[in-house]
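Residue numbers are given in full-length UniProt numbering: position 29 of the sequence shown equals residue 29, and the series is strictly consecutive. Each remark here refers to the structure printed beneath this line.
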Amino acid sequence: MLCSKILVAYDESELALKSLEKAIELAKLDPAIEIQVLHAVTLPIKPNIYGNAFQEIEESMLKYGKEVIKKAEALLSEIPNASQTFVVEGSAITTLLEHAKSQNCDLIIMGSRGLSGFKEFLGSVSHYIVQHSPVPVLLVK
């Protein structure tokens with residue numbers, strides 16, 4: 001078996017969709033493969049926002065995250081494999097690495113924007129995940 005549990009980093013980007021499609025393609029090879037799709041919601045720093053504004057922003061961003069993940073759920077419903085979706089508060093880096101470890105995922109699939117120059121020097125989510133992931137990472141371009 002290639003793997004038993006695939007974690008897909010998902011947002012509304014074209015690369016996230018391609019990543020999910022790649023996970024589905026792999027899952028079709030073995031009905032025992034489970035796909036988990038994670039959408040990270042990065043909230044603004046709380047102390048800088050006064051009153052109920054933070055709670056309203058938080059609720060709005062989580063609601064939006066759930067709408068984004070519904071698109072993934074629609075694609076996952078087309079295959080017989082087990083699947084789960086998650087909308088998690090936190091940075092993409094932290095939530096992906098923690099989720100992969102806590103859920104015993106054995107492959108992460110995510111998009112790579114192919115940064116170059118100064119942006120590459122500053123780093124990217126995909127670069128960090130590749131460097132620090134305890135499991136193999138498949139980058140989709």
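C-beta: ideal position from N, C-alpha, C; glycine also.
Who does F54 pair with in a DSSP beta bridge? Answer is none; F54 lacks a bridge partner.
Inspect the CB distances between the stretch 59 to 77 and the stretch 86 to 99 and report whether three or more fall short of 8 Å. yes
What does a CB cutoff of less than 8 Å around Y128 pick up in its chain, not counting 5 residues either side in sequence? I93
Specify the secondary structure class of K141 as computed by DSSP and reduced to three states. coil
Residue range of the alpha helix (DSSP H) that Q131 falls in? 125 to 132
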